[in-house]
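See below for the structure under consideration.
Protein chains: 4
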Amino acid sequence: MTLNIGVIGTGAIGRDHIRRITNTLSGARVTAVTDVQPKAAEETIATYGLDARALATGQEVIASRDVDAVLVTSWGPTHEEFVLASLAAGKPVFCEKPLATTAQGALNIVKAETALNHRLVQVGFMRRYDAGYRALKSVIDSGQIGAPLIVHCAHRNPDVPERYTTDMAINDTVIHELDVLRWLLDDDYVSAQVVYPRRSRHAFAHLADPQIVLLETAKGARIDVEVFVNCQYGYDIQCEVVGEAGTARLPEPMAVPLRVGAQRVSAILTDWKERFIASYDVELQDFIDAASEGTAAGPSSWDGLAAAVSADACVAAQGKPGAIVPITLPERPALYV
Amino acid sequence: MTLNIGVIGTGAIGRDHIRRITNTLSGARVTAVTDVQPKAAEETIATYGLDARALATGQEVIASRDVDAVLVTSWGPTHEEFVLASLAAGKPVFCEKPLATTAQGALNIVKAETALNHRLVQVGFMRRYDAGYRALKSVIDSGQIGAPLIVHCAHRNPDVPERYTTDMAINDTVIHELDVLRWLLDDDYVSAQVVYPRRSRHAFAHLADPQIVLLETAKGARIDVEVFVNCQYGYDIQCEVVGEAGTARLPEPMAVPLRVGAQRVSAILTDWKERFIASYDVELQDFIDAASEGTAAGPSSWDGLAAAVSADACVAAQGKPGAIVPITLPERPALYV
Amino acid sequence: MTLNIGVIGTGAIGRDHIRRITNTLSGARVTAVTDVQPKAAEETIATYGLDARALATGQEVIASRDVDAVLVTSWGPTHEEFVLASLAAGKPVFCEKPLATTAQGALNIVKAETALNHRLVQVGFMRRYDAGYRALKSVIDSGQIGAPLIVHCAHRNPDVPERYTTDMAINDTVIHELDVLRWLLDDDYVSAQVVYPRRSRHAFAHLADPQIVLLETAKGARIDVEVFVNCQYGYDIQCEVVGEAGTARLPEPMAVPLRVGAQRVSAILTDWKERFIASYDVELQDFIDAASEGTAAGPSSWDGLAAAVSADACVAAQGKPGAIVPITLPERPALYV
Amino acid sequence: MTLNIGVIGTGAIGRDHIRRITNTLSGARVTAVTDVQPKAAEETIATYGLDARALATGQEVIASRDVDAVLVTSWGPTHEEFVLASLAAGKPVFCEKPLATTAQGALNIVKAETALNHRLVQVGFMRRYDAGYRALKSVIDSGQIGAPLIVHCAHRNPDVPERYTTDMAINDTVIHELDVLRWLLDDDYVSAQVVYPRRSRHAFAHLADPQIVLLETAKGARIDVEVFVNCQYGYDIQCEVVGEAGTARLPEPMAVPLRVGAQRVSAILTDWKERFIASYDVELQDFIDAASEGTAAGPSSWDGLAAAVSADACVAAQGKPGAIVPITLPERPALYV
Ligand SMILES: [Mg+2]
Ligand SMILES: [Mg+2]
Ligand SMILES: [Mg+2]
Ligand SMILES: [Mg+2]
C-alpha cells in the first residue's frame, strides 16, 4: 500500500522533496535515488536514513522494479528525457518545472502521454496548491464577483543574483503567473506585450527591471503583471481579479499585526521559499495519492506545454517593446479537457 | 449676522480657537479678549490681526455689548465663575473641559441653566465631533450590530510628563471616554472598578501605569478601558462595541499603507493634538451656529456634570483596587432629555 | 478684508460652491451671481440668503466693481470666454474643469496669463486637495519608497447613465488621474495606449467598459489606469505607487469596521460626490486665500492645458487599440515652473 | 520504525484522529481500537481500511503488545483511568481534554508521571499548535513589544445548543484561553473575577451570555476574556497582547478580501472545527514524533492540572459576580519546569 518513489536528482529541491516524503507526507517512501554526482545520492540516503538504493542513472531508477513512481528533480535540460522514459515505463512521474526546456520538448511529452490516453505526468507548478490561490479560485468560481474581466498581478523579489538575466523574468519568474492564472481563470492566452518602466537603480546594468507584461486571454480578460525582482522590500505576490460585479484579491500571508515605534506593522516575507512552502506538501501529497491509483492529477503536461508556449511569446515580446505578440497553442487533446 | 465672540483666556487652547474662528470657520469673529496676563491678550490680538479689544477681566468680556457669545479657555478653577456669569448675562458660552473642578460646581451650573430653562452652555468634549466616533455611533444607531453589550476601549499615550499623577489618568485622560461613551451608548454609568496591571518600567515611579477601568452602565453594558499613558509606540485611541449581533470599531486615523523594509507599515500618530484636530473645527462651528440662534448644542452642562460625577467615582475606585464603587447621578432635568 | 466673489453659473456645482463660501469657508462672500436662466440666479440668492445682486451676464459679473474674484461654474463651452475676460479684468478666477473644451482654448488662456506674468487662474482639479492624495504625495516626496517607477490606478464607478460614451471615460473620468498623477509624480506624459478588456455585461451596448489606459512619463514611469464605470460594487479610487525601494497606496476612505453575518465588513462609498467632498472645501479656501492676495494657487491654467493635451492623446489612443500615441506639450512658460 | 497506536474511543474526535494518522501524518498507524459500542470500533476499522484489531476494552488496548502508544478519545470521565493505565504500562499517551474531570484526578496523573520522572502524557490543547498563536508567541518572545502587561481576549461562537450551561463557558470554552495564555505568557494565574454584562436576547434563558472573565497572573499581567457564545456573526477568537513597548495581535484566519455590493468584505468562519483544523495535524504529529522516541512533548499533565485548577476558580467566580477568587497551584514538580 505504500508507494515506492524513485528520485532523479538530489540537489536542493530533490532533497527537500525526499525530506517531506519521509517525514511529513503519508503513503510513500523513497526506495531509489540517483544523481549526476553519485556521492550526493549516497549522502542523501544517509542524511534522511532512507531504506533506498543509490543507482547509477535516471534510466535505472525508472526501470527499477521497486520504483512505482518517479520524481524528476534533476537539471532542467534532462527533464524531457526522464519524463518520456517514465511514460514509456507506464509510471506516474512528477517533474519539477520546466517540463522541458523548449515548447517542442513539452509537445513531445504531451504526444507521448496522449498516445497512452492516460494521465501520468504532474508538473511542479505548486501555486495551484497554495491555500490563498485556492481560496481565490473558489471565490471566482462561486460567481460572487461575476465574470473576470481584468487581473492585476505583481511578482516582486527583494533582489536577484547577478546571473539573473532579463529573459529569466519570464522563464523563472512570470512562468508561475502564466500557469496559475490559466488555472485561476480557466482560460488561455492569445497575446502578450512587454513594456519597460524606468530601470531601478538597484538592478544590475544588464537587467531590465521592473518590467510589465500585458496578456490578453481567449475569453477577453486583460492581465497586467508587474515583474520587479529588485524591489528591495520583500518577496511579495499580488493578484487582484476584477469581475463584472466585484473584485477579489489573493490573501496576504499570515503575519502578526504589531503596533510599535509609531507604526502599525506586519512582516513581509523576504525569502521566496517560505511563501509557498506549505503548497509543496499539498502538491506532493496530491502526486502520491494519484500515483497510488496509477495516474496523475494537478498541473498536466498540457499545462507545462501551455506555459512553455506562452513564455516563449513573452520572451519574444521582450525583444519588441510595445509590440503585441500573438500566442497560439496547438489544439488541446481530449485527455486534458 | 456675524457672531461676536469674547474669549476669556489666551493660552494655547484659547489662541487655537481664536485662530480657527478667524481663519477657518464661518460666521463669527473675535471682538474681545482677556487674559490673566494682559500682555498675552494684547499679543494675541496682534498675532491674529483681530479687530478686537483687550479687556481687563473675564467679567468685562461677558458684560461687553459687542460680545454675543463667550469662550471660556482660562485656567480650570475659573471656569465655573465665568460660565455662571455668562448664564446670568443670557449669553451662549463654550467652556473647555472641565466645566467645573468639582461635581458641585458643575451642579451649580446645571441648576442655573435649568432655571433659565434654555440651553446656553456647550462643554468642550470634542470627541463627539470626531468623524470616526460619529460614523461608529451611526452604525450603532442603525441597529446593525444589535443592542450594545460590551465596549472594549484603550486610551494610549506614548508618554507623559513627570507631573502626571495617577488620578490624572481619570481626570485628564479617561474623562474623554467617560463623556464619549455615554453619548455613544446613550446610557449612564452605575459603577466603576479599577485594577492595576504590573507597572510599565517606562512609567515614573509615582505613577500606576497602565490601569484598567471597568464600568457598568444603567442598561447593563460592561465597559473596559485600558489607560496606558507610557505605551511608547504612539497616541492610540481604540473603541470596539460588541452588540447582540455583531461588533463595530472606531476607524483608524487615515494613514498611507507602505511596503518597505520587509514590512507592511502604516504610521500611528504620536501627538494627541493631531488625533482630534479636525473635530475642534466641527465642535466650534457647531457652537457658532447654535449661538447665532441664541442657544447651545452639543455636550451640555448636564454632560459636564455626569462626567464629573463619574470621574469622581473612578478616582475613588483607584483608591480601593478591585472594589466596585457605585456611581449615582442626580435626576436629569427635562432640559437635558 | 472679506473677498467679494462673483459666480457665473448657478447649476448644482455653482450652488454647492456658493453654499460653502457662505456657510463653511472663511474670508469671502458672494456678491454677484448670474445664470443663463435668470430665475435660477434669483432663486439661488434667496435660498442661501445672499446679500448679492443677480446680473444678466457673466461679463457683467466680471466687470462688477463689487466683485474681487470670479467663480466660473457655467456650461463647459463658456469657460474659456469667462476665464479670458477675468484675466483681462485682472481678477483671480476659479474655473471648474474643463478649463476649455479644446487644447487650443486652454493654450489661449495660458498665453493670456503668461502675458500678465502673474497667476490669476485656478482650475477645479480637487483631488490635489484630498487628504489621502496629499498624504501619499508627502510619502513619495519623503523618499521613503525611492523614485517612482510604476503607478497602478483604478477608477471605478458603480454605473453611469446611458448618455455616457466611450470617450467620456477619458474626458470626464480619467481626466482626474491625468491631473493628479502629474502632480503626484511631478512629471509629464509622453505616450498613451488604450486596451479593451472584454466588455462588462452591465455596460450599455455603445460603451466600451472597462478600459485600460497605459501611460509613459518623461521620467520613464509607467502608469496603468483601469477605468471601469459599471463596476457595480461602488465608487472606488485606487492608486498604488511602486518605487525603487517600496510601495505606497492611497488610503481607503474612512469606514467603520464591522463584524456581522459571518463577514468582516467596511462600507464602500457609492456616490462619487462623497468621495472628495472635503477636498472641495480645501480647494476653494485655497482660492479664497490666494485671491485675497491678488493671485492664484493650486492647479494652474498650465495644468489645465496639460490635462487637455493628454486627454486628447488618450482619446486618439482609444481609436487605435494597442497603438502607442505620443503626447507632446508645448514648452512650459517660466510662470508655471 | 512505524509507531503503532491504539485508540480508545471512536467517536467523532477519535475517528478524526484515526483519519489523520492514516491519511495525512507520517510515521504511525492505528493497530488497535476500542469503543464502548463495539460496533463503532468495527465500523471505524472498515471505514478507514485499517489493519487493526477491535478490542473489548481500553485496558486491553493499553496492554496490547502491538500498541506502542495510546490515544484517549473516550468519554471525559474515563480519561483519568486510561491515562493512569498507560502510565503504568510505560506507554506514551495522548489524552483529549479534559485530562481528568476534577483537579484531583489531574493531580493523580501528575503524581504518577512524576513518580516515573519521565514525560509520557500529552494533553489535547491544540491551540499551542496553531500557526497564528505560534507566530504571536514568537513575537512576544522576541522582546519587540516588551514585557506583556495586559491581554485582551475574545472567544465568540455564533451560537450554542440549549444544553450549554453557564459553567460550560468556563469548562468548554475559556478552558482554551486558560491553557494557551499560560503558554503564551509563560506565566500562571493568581486570581479570577467574573462580571456579567446584560444578557444577549439570543441566549437561552438559562445561560448568562456574554460573560467577562478577568484574570491576574503571577507576573502581574491582567487578562480580560470576553466569552460570548451567541454572538451570531461567527466563530471568532481574538487575542491582543499589550507590552511595555507595543502591542501584538493574533492574526486573522486567511480570507479572500472582496469588494462587492458597496462593501469591503472578508469571510469570518462560523464553524469552530475549521478554525484550528490545521493545528490538530501538527499536534498529533508532535505526539507521534515524541512517542516514537518513547516520550511526550507539548501540553503536559501539569498543564492539564493547571487548567483544571484555574477553571475551578473561574467557576467559583461565576457564583460570586464581582468577587476576586484566588487561584492556587501546588508546587510545580521539576519534571515540568
Ligand atoms: Mg514545484
Ligand atoms: Mg475641546
Ligand atoms: Mg472641482
Ligand atoms: Mg485537541
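Residue numbers (the numbering used here), protein chains in the order written: chain A, 1 to 337; chain B, 338 to 674; chain C, 675 to 1011; chain D, 1012 to 1348. Just so you know, even glycine gets a beta-carbon here, dropped at the ideal spot from N, CA and C.
Residue burial classification, residue i (beta-carbon count within 10 angstroms, cutoff 16)
i                 : result
Glu1124 (chain D) : buried
Arg739 (chain C)  : exposed
Thr510 (chain B)  : buried
Val797 (chain C)  : buried
His1217 (chain D) : exposed
Thr394 (chain B)  : exposed
Gly993 (chain C)  : exposed
Asp271 (chain A)  : exposed
Thr439 (chain B)  : exposed
Arg694 (chain C)  : buried
Arg264 (chain A)  : buried
Ala12 (chain A)   : exposed
Arg1270 (chain D) : buried
Gly90 (chain A)   : exposed
Cβ-Cβ separation, residue j to residue i (assumed contact under 8 Å), whole Å
i                 : j                 : result
Thr1306 (chain D) : Leu1131 (chain D) : 7 Å
Ala54 (chain A)   : Thr34 (chain A)   : 7 Å
Asp179 (chain A)  : Arg222 (chain A)  : With 8 Å as the limit, Asp179 (chain A) and Arg222 (chain A) do not qualify as a contact, their Cβ atoms being about 18 Å apart.
Gly483 (chain B)  : Gly583 (chain B)  : 7 Å
Glu914 (chain C)  : His826 (chain C)  : 5 Å
Gly1333 (chain D) : Pro534 (chain B)  : Their Cβ separation, rounded to whole angstroms, is 19 Å, which puts Gly1333 (chain D) and Pro534 (chain B) out of contact at 8 Å.
Proximity of residue i and residue j at Cβ, strictly below 7 Å
i                 : j                 : result
Ala1319 (chain D) : Leu1340 (chain D) : no
Ile1335 (chain D) : Gln1204 (chain D) : yes
Gly1254 (chain D) : Pro1159 (chain D) : yes
Tyr1246 (chain D) : Leu1280 (chain D) : yes
Ser279 (chain A)  : Asp130 (chain A)  : yes
Leu1061 (chain D) : Ala1039 (chain D) : no
Ser1321 (chain D) : Val1121 (chain D) : no
Ala759 (chain C)  : Gln733 (chain C)  : yes
Gly806 (chain C)  : Leu958 (chain C)  : no
Thr705 (chain C)  : Thr684 (chain C)  : no
His792 (chain C)  : Ala774 (chain C)  : no
Ile679 (chain C)  : Val735 (chain C)  : no
Gly261 (chain A)  : Tyr570 (chain B)  : yes
Phe313 (chain B)  : Pro670 (chain B)  : Outside the shown range of chain B (338 to 674) lies residue 313 (chain B), about which nothing can therefore be said.
Ile487 (chain B)  : Cys651 (chain B)  : no
Ala585 (chain B)  : Val710 (chain C)  : no
Ala971 (chain C)  : Asp960 (chain C)  : yes
Thr166 (chain A)  : Ala208 (chain A)  : yes
Thr410 (chain B)  : Tyr385 (chain B)  : no
field: Start-end ranges of the alpha helix (DSSP H) lying completely within the segment 914-997 of chain C, minimum 4 residues
entry: 946-949, 951-966, 975-993
field: Three CB pairs or more closer than 8 Å across the segment 520-540 of chain B and the segment 465-477 of chain B
entry: yes
message: Can you confirm whether the segment 1240-1255 of chain D touches the segment 1162-1176 of chain D when touching is taken to mean that 3 or more C-beta pairs between the two stretches lie within less than 8 Å?
response: yes
- request: Determine, using beta-carbon pairs with one atom in the segment 1098-1117 of chain D and one in the segment 205-223 of chain A, whether at least three such pairs fall under 8 Å.
  value: no
- prompt: What are the complete beta strand (DSSP E) segments, minimum 3 residues, inside the segment 1116-1198 of chain D?
  reply: 1132-1134, 1159-1167
- prompt: How do the segment 957-966 of chain C and the segment 748-757 of chain C stand: do at least 3 beta-carbon pairs fall below 8 Å, yes or no?
  reply: no
message: Which complete alpha helix (DSSP H) runs does the segment 721-788 of chain C hold, if anything under 4 residues is left out?
response: 732-737, 753-763
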